[in-house]
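Protein chains in written order, with the numbering used here: chain A, 28 to 282; chain B, 17 to 291; chain C, 5 to 617; chain D, 5 to 44. C-beta: ideal position from N, C-alpha, C; glycine also. All values derive from a computational prediction rather than experimental measurement. As structure tokens, the structure follows; a few thoughts come after it.
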Amino acid sequence: MKIPRLLQAVLVLAGVYYGFIIVFDILLDAVIPSSLLAMYMFFVVAGVFMVFTYDEDQTRELVAPIKALVEDPSKRIWRNIVFAVVPLVAGAGAYMQMQPSFEAPLELRTIHPAPPTTAKIFGKRVNLLKLENPYRKFEKEDPEKFRELVEEGAIVYIQNCQYCHGDKLDGKGPYAAGLNPTPLNFQDVGTIAQLQESYLFWRIATGGPGLPKEAAPWISSMPVWQDFLKEDEIWKVILYLYDYTGHHPRSWESE
Amino acid sequence: MRQFLSVIVFSLLTIGFFAGYSNFGIPQIEPAPPPKEEKLDLGSMTMDQFIAVGEKLFSGKGTCTLCHNNLGRAPLLDTIGEVAQQRLKDPRYKGEATNIEEYLIESLVKPSAFVVAGFGKKGTNDAESPMPDVSGGSIRLDEAEITAVVAYLQDSSGAEVTVEIPKDLGKKKEGGEEADVAEAEPREAISDPEKLIAMFTCDACHMINGVGGEIGPDLSKIGALRNRDYLRRSILDPNADIAEGFEPDQMPEGMGEQLYVSELEVLVSFLAGLK
Amino acid sequence: MNGPRSRKTGRTVKTGLLLVTFGFVVALVAFALSGFDQLGAIAAEQEVAADAAAASPYGPAPKLTAADYPSIAGINSRVAVWIFAQLHLWFAAFVLAVPIFVFIIEAIGMRTRDKRYDDMAYEFIKVSITAYSLTAVLGGALLFSLILFYPHLFTYLSTIFKESMIYYALLFFAESAALYIYYYGWHWLQGGFKKWVHLTLGLVLNAVGTTLMLLANSWLTFMMSPAGVDAAGVFSGDAWAAIHNFLWNPINIHRFVANIAYGGSIVGAYAAFKFLTATTKQERAHYDWMGYNANFIAICALLPLPFAGYYLAAEIYAYSQQMGITLMGGIFAWLFIIQAVLIGTLFLSANYYLWCGMGRSDGAKRYTKYIKYIAIVLVGAFLVWFTPHTLVLTNEELKALGGPYHKYLGPLGIMPAKNTAVNVMIIFTALSFMFYRRANKIATVSWVNAGNAIQVALYTAGIANILFLGIYHGYFTNTVYKVAASIPQVLTTLIVIVGSITLDSFIYRGGKQVGPLHWGRIPGRAQYALFLLAVSFTWLMGLMGYIRSGIRQHWHVVDIMRDASPDAFTPTLGYAANVVSVAAIIFMAMVIFVFWIAQVSGNKTLPAGYWKE
Amino acid sequence: MDIKGYLLPFAGALAVFLVAFLLFDMAIMNMQGLSLIFYK
Numbered sequence: 028m029k030i031p032r033l034l035q036a037v038l039v040l041a042g043v044y045y046g047f048i049i050v051f052d053i054l055l056d057a058v059i060p061s062s063l064l065a066m067y068m069f070f071v072v073a074g075v076f077m078v079f080t081y082d083e084d085q086t087r088e089l090v091a092p093i094k095a096l097v098e099d100p101s102k103r104i105w106r107n108i109v110f111a112v113v114p115l116v117a118g119a120g121a122y123m124q125m126q127p128s129f130e131a132p133l134e135l136r137t138i139h140p141a142p143p144t145t146a147k148i149f150g151k152r153v154n155l156l157k158l159e160n161p162y163r164k165f166e167k168e169d170p171e172k173f174r175e176l177v178e179e180g181a182i183v184y185i186q187n188c189q190y191c192h193g194d195k196l197d198g199k200g201p202y203a204a205g206l207n208p209t210p211l212n213f214q215d216v217g218t219i220a221q222l223q224e225s226y227l228f229w230r231i232a233t234g235g236p237g238l239p240k241e242a243a244p245w246i247s248s249m250p251v252w253q254d255f256l257k258e259d260e261i262w263k264v265i266l267y268l269y270d271y272t273g274h275h276p277r278s279w280e281s282e
Numbered sequence: 017m018r019q020f021l022s023v024i025v026f027s028l029l030t031i032g033f034f035a036g037y038s039n040f041g042i043p044q045i046e047p048a049p050p051p052k053e054e055k056l057d058l059g060s061m062t063m064d065q066f067i068a069v070g071e072k073l074f075s076g077k078g079t080c081t082l083c084h085n086n087l088g089r090a091p092l093l094d095t096i097g098e099v100a101q102q103r104l105k106d107p108r109y110k111g112e113a114t115n116i117e118e119y120l121i122e123s124l125v126k127p128s129a130f131v132v133a134g135f136g137k138k139g140t141n142d143a144e145s146p147m148p149d150v151s152g153g154s155i156r157l158d159e160a161e162i163t164a165v166v167a168y169l170q171d172s173s174g175a176e177v178t179v180e181i182p183k184d185l186g187k188k189k190e191g192g193e194e195a196d197v198a199e200a201e202p203r204e205a206i207s208d209p210e211k212l213i214a215m216f217t218c219d220a221c222h223m224i225n226g227v228g229g230e231i232g233p234d235l236s237k238i239g240a241l242r243n244r245d246y247l248r249r250s251i252l253d254p255n256a257d258i259a260e261g262f263e264p265d266q267m268p269e270g271m272g273e274q275l276y277v278s279e280l281e282v283l284v285s286f287l288a289g290l291k
Numbered sequence: 005m006n007g008p009r010s011r012k013t014g015r016t017v018k019t020g021l022l023l024v025t026f027g028f029v030v031a032l033v034a035f036a037l038s039g040f041d042q043l044g045a046i047a048a049e050q051e052v053a054a055d056a057a058a059a060s061p062y063g064p065a066p067k068l069t070a071a072d073y074p075s076i077a078g079i080n081s082r083v084a085v086w087i088f089a090q091l092h093l094w095f096a097a098f099v100l101a102v103p104i105f106v107f108i109i110e111a112i113g114m115r116t117r118d119k120r121y122d123d124m125a126y127e128f129i130k131v132s133i134t135a136y137s138l139t140a141v142l143g144g145a146l147l148f149s150l151i152l153f154y155p156h157l158f159t160y161l162s163t164i165f166k167e168s169m170i171y172y173a174l175l176f177f178a179e180s181a182a183l184y185i186y187y188y189g190w191h192w193l194q195g196g197f198k199k200w201v202h203l204t205l206g207l208v209l210n211a212v213g214t215t216l217m218l219l220a221n222s223w224l225t226f227m228m229s230p231a232g233v234d235a236a237g238v239f240s241g242d243a244w245a246a247i248h249n250f251l252w253n254p255i256n257i258h259r260f261v262a263n264i265a266y267g268g269s270i271v272g273a274y275a276a277f278k279f280l281t282a283t284t285k286q287e288r289a290h291y292d293w294m295g296y297n298a299n300f301i302a303i304c305a306l307l308p309l310p311f312a313g314y315y316l317a318a319e320i321y322a323y324s325q326q327m328g329i330t331l332m333g334g335i336f337a338w339l340f341i342i343q344a345v346l347i348g349t350l351f352l353s354a355n356y357y358l359w360c361g362m363g364r365s366d367g368a369k370r371y372t373k374y375i376k377y378i379a380i381v382l383v384g385a386f387l388v389w390f391t392p393h394t395l396v397l398t399n400e401e402l403k404a405l406g407g408p409y410h411k412y413l414g415p416l417g418i419m420p421a422k423n424t425a426v427n428v429m430i431i432f433t434a435l436s437f438m439f440y441r442r443a444n445k446i447a448t449v450s451w452v453n454a455g456n457a458i459q460v461a462l463y464t465a466g467i468a469n470i471l472f473l474g475i476y477h478g479y480f481t482n483t484v485y486k487v488a489a490s491i492p493q494v495l496t497t498l499i500v501i502v503g504s505i506t507l508d509s510f511i512y513r514g515g516k517q518v519g520p521l522h523w524g525r526i527p528g529r530a531q532y533a534l535f536l537l538a539v540s541f542t543w544l545m546g547l548m549g550y551i552r553s554g555i556r557q558h559w560h561v562v563d564i565m566r567d568a569s570p571d572a573f574t575p576t577l578g579y580a581a582n583v584v585s586v587a588a589i590i591f592m593a594m595v596i597f598v599f600w601i602a603q604v605s606g607n608k609t610l611p612a613g614y615w616k617e
Numbered sequence: 005m006d007i008k009g010y011l012l013p014f015a016g017a018l019a020v021f022l023v024a025f026l027l028f029d030m031a032i033m034n035m036q037g038l039s040l041i042f043y044k
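Shown next as structure tokens:
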């Protein structure tokens with residue numbers, strides 16, 4: 028039996044929509060953001076429209092039921108039902124959208140704001156574009172010393188950072204549940220792997236309050252670590268972060 | 017007409033969609049306003065702005081970065097705050113400063129008070145510094161400017177910034193430093209070329225008769241190579257000709273305003289005579 | 005039949021010519037005035053910059069305060085200059101591009117001796133000729149508004165670029181002359197030697213037009229990557245150094261390619277409108293054919309465009325990391341999501357038009373079954389392309405995800421995924437085009453099966469390689485390779501496209517036609533795809549023009565001349581999008597006027613009893 | 005499925021193209037490719 032084309036189109040759309048939800052929310056256990064799903068569906072609808080209408084005959088087949096519904100006198104009852112139901116559904120949709128809820132408003136915030144070119148860290152003005160990790164060079168020059176530095180960084184991390192960022196550096200430390208947004212997951216390929224070491228240095232040293240205005244609202248609870256740690260401790264912790272996760276800091280030089 | 021209108025509506029809807037998406041589909045981040053330009057009005061300046069002025073002087077008018085860079089012509093100053101403390105206790109220290117601030121000011125106007133080992137003038141066994149007095153010669157920073165540079169040096173090296181922003185910039189201190197005297201009353205024209213060279217510290221960069229620096233071309237035999245016109249032009253407009261192997265913008269400009277005409281000719285004759 | 009028609013067109017165009025001349029008189033007068041202004045400015049600054057002015061005939065860039073910017077009540081000066089510049093640019097892009105492909109189409113016509121090409125080329129140039137005078141008028145308006153609202157900036161730029169500005173004015177006269185001879189001489193310079201003369205004229209026209217664009221580009225790239233001046237902005241006197249600044253060539257390449265795509269899309273919209281309003285079958289066939297060719301030109305130029313853009317962005321990064329970070333990682337990062345939506349729209353509508361066009365051939369049925377797979381891949385690649393790096397999450401979702409990063413969608417937010425997606429999208433667009441090409445042909449060579457197998461293998465291997473490069477280098481190696489891997493990706497795409505088209509032309513050498521192509525047998529919807537292409541293109545150009553200019557932030561000339569006006573702030577994207585939308589609507593209205601003028605010249609009214617007999 | 009006329013040429017061409025692309029990637033990634041966008 029051949030399924031009518033209009034039904035086909037609707038089924039495809041519904042399939043894709045629930046497919047996304049099933050795959051992400053259930054199978055992968057990582058919800059798909061509703062804002063993203065809405066945009067995805069917009070373009071899926073566009074794609075389905077394109078495939079179903081590029082041919083004249085098939086288009087006629089597609090719109091035939093709609094046309095019949097509007098024009099065919101024998102479908103009067105159906106027409107009246109549809110004409111009554113559609114505004115009701117639209118009204119209900121509008122109501123659901125506008126209904127006030129206890130959900131806090133969306134906070135749109137840039138997670139990686141562009142750092143300032145220079146920042147005042149440890150009483151010094153540093154140029155973030157040129158700043159380099161003074162210990163990074165040991166990775167090649169003196170691997171043994173490098174290992175030692177990484178281990179020192181690990182101690183700093185465990186004593187200070189793991190409460191929030193977790194002992195696996197996955198952002199799931201004991202305190203993480205109390206924070207919103209939750210602490211950064213350094214294992215993620217989209218976090219420290221995308222950044223230069225100088226960026227991490229700036230972010231760790233100046234913490235949440237050091238974020239530029241465009242990153243507002245400041246809902247980062249990251250402390251201003253320059254008040255608690257020494258400069259070399261921050262650099263060592265950075266070594267540890269990359270070493271443990273296996274990521275490489277972003278650099279503009281080839282190896 | 018119907019076609020025309022539907023095309024118009026279609027296009028407007030498309031534009032409306034794009035505009036709507038840009039306005040409501042993505043977060044509206046309000047970029048930070050442009051940074052404030054530092055005001056030259058010292059009275060209402062914050063310390064950060066004052067430090068920024070010092071930084072500008074350091075790489076600009078003060079010409080400090082010509083030598084204090086990573087090419088090894090002069091010591092790097094990134095840790096001067098810490099180092100200065102040790103210098104004061106160094107047996108080789110000949111100055112009178114008692115704290116970092118005084119030491120830095122002294123180093124700027126009397127560079128030979130302490131010479132870092134290996135950076136002394138050639139042949140003086142590190143007793144004399146090749147650095148010119150920044151309050152005189154062709155650099156000629158005034159007191160407030162020197163203070164700003166010191167503030168910058170303290171700030172950039174991690175030391176505590178102890179200087180105060182001078183409030184009474186308009187009035188000159190009386191009976192004070194060399195620079196003020198030099199500007200206050202016209203000086204006598206100098207007819208001794210050696211004195212002129214010492215005053216304008218040409219030998220900080222140029223080798224003259226076997227003594228001097230290597231930042232600029234060796235002038236020991238310049239008379240044999242260049243004529244008087246060329247020499248005159250090179251003093252007045254240093255970037256007019258650049259000797260092979262040297263960078264432009266190294267030699268300070270504005271010698272023309274500081275030399276008397278007679279002095280210029282004394283210098284040119286002296287240089288032309290070096291063969 | 006052309007007599008009365010061209011006389012009437014002639015009147016419009018003479019008006020246009022007058023306008024052009026007027027525009028240039030205005031420009032020259034303004035230029036001369038700016039000279040006086042310049043003297044005044046130097047006098048005023050003499051105290052500040054006495055020594056610099058004495059050492060060099062050129063002063064340093066002026067340091068301005070908010071009081072240096074004249075204001076007129078009720079007019080936002082930045083928006084005024086912005087809109088005039090944008091309108092001027094749109095028209096300029098259109099009138100520079102049309103002669104390029106008119107030249108090519110005329111050459112094709114000469115080679116194939118198919119008069120339809122010649123007629124189409126003539127119609128294209130006819131469309132652009134009114135636009136040409138509008139370009140000049142808008143250029144004059146831009147100049148006026150610049151002098152009016154930003155006098156010091158204009159003065160400073162004109163001290164540096166005075167020679168090139170004069171050449172620009174002279175070249176504009178040459179351009180006008182070449183264009184008018186080319187257009188009015190079209191029917192006169194026909195056949196044999198005369199046709200060659202005409203084609204040569206077309207070449208001259210293009211050479212002059214391109215030179216004009218290069219000159220204008222140098223002024224704006226100077227503002228982004230100043231050269232030939234010292235840190236204070238004192239000009240060294242070397243005009244070539246100032247013209248040949250760091251970003252000049254990247255912009256030149258990008259604009260040249262984009263202009264062609266843009267010109268194609270606008271002409272496509274023209275043909276689409278004529279198609280929709282056509283009354284006869286022949287007319288429909290003609291405008292369908294014209295729309296197809298315009299769309300073809302637009303797609304050909306669209307395919308390499310992402311690469312040119314990538315090159316430009318890489319060069320901006322190379323010139324100044326600060327500017328690069330502002331561009332890609334900072335406040336403008338979200339703009340690239342808007343751009344992704346727009347470029348996706350361009351690709352989807354171009355493909356849709358091709359698919360609809362397959363209805364012209366009776367042999368297309370063999371290929372239409374593959375279209376849905378192409379669509380799936382295109383939409384899929386598009387979704388990857390536009391997944392933002394920073395997801396917009398509700399608090400509930402934030403909690404559920406345990407943080408602002410999405411384990412599976414997060415990796416799609418970064419560059420390697422997007423590069424891979426856009427390359428796949430381009431390859432599949434090329435595939436759509438291959439199907440269209442094949443739709444009406446039957447191969448007769450003996451090795452057709454093997455040939456097809458090799459084709460499929462080429463696509464498979466190419467896509468595999470692009471995926472490999474994107475996934476391996478994008479996620480498992482150092483960042484530097486992440487960026488560098490885009491180069492072999494791009495080259496793979498180009499190899500696949502060129503290779504498959506070459507192979508195809510061998511397979512179909514001496515092939516048979518299924519039947520005559522039914523030009524005009526295309527649904528009206530397809531014409532709307534052409535409108536969508538043109539509108540999206542226009543809007544996209546406006547948006548990208550904004551970002552190119554916007555990354556200078558509060559500088560007129562980066563690091564040299566500061567913008568001290570009250571409008572020096574960087575606006576939000578929504579604000580920019582609104583300005584672009586308003587400008588686009590004004591532009592559309594003007595384009596409609598241009599098309600209407602081109603049509604009205606063919607109308608004739610017989611006023612009975614009006615003239616004495 | 006036509007094995008001799010289609011599958012064989014397909015497999016052969018695929019192998020050849022894949023190897024060629026791989027060599028091409030290696031050549032570009034290891035030598036000049038980087039200098040195309042990075043100035044050192």
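CA-CA distance, G272(C) to L11(D), rounds to 41 Å. L64(A) and F47(A) have their C-alpha atoms spaced approximately 8 Å apart. F262(B) counts as exposed, since fewer than 16 other beta carbons sit within 10 angstroms of its beta carbon. The segment 88 to 104 of chain C makes contact with the segment 214 to 224 of chain C, as at least three CB pairs between them are under 8 Å. F390, T391, P392, H393, T394, L395, V396, L397, T398, N399, E400, E401, L402, K403, A404, L405, G406, G407, P408, Y409 and H410: these are the residues of the segment 388 to 410 of chain C whose beta carbon lies less than 9 Å from some beta carbon of chain A, given in chain order. G200(A) and Y190(A) do touch by the CB rule: their CB atoms are close to 5 Å apart, below 8 Å. Taking a cut-off of 8 Å for Cβ pairs, the segment 336 to 354 of chain C and the segment 303 to 320 of chain C touch, as three or more such pairs fall below it. For the pair L275(B) and I213(B), the CB atoms are not nearer than the 9 Å cut-off.
Residue environment analysis places I491(C) among the buried positions, since at least 16 neighbouring C-beta atoms fall within 10 angstroms of its C-beta.
Here M61(B) carries a coil assignment [DSSP, helix/strand/coil]. For H477(C), the nearest beta carbon of chain D is closer than 9 Å to its own beta carbon. At least 9 Å separates the beta-carbon of I320(C) from that of I596(C). S149(C) is a Cβ neighbour of V85(C), given a cutoff of 9 Å.
Against chain A, the beta carbon of Y412(C) has neighbours under 8 Å at F51, L55 and A57, listed in chain order.
Residues of chain A whose Cβ lies closer than 7 Å to the Cβ of A379(C) are, in chain order, G74, M77 and V78. Distance from the CA atom of V586(C) to the CA atom of L152(C), rounded to whole angstroms, is 22 Å.
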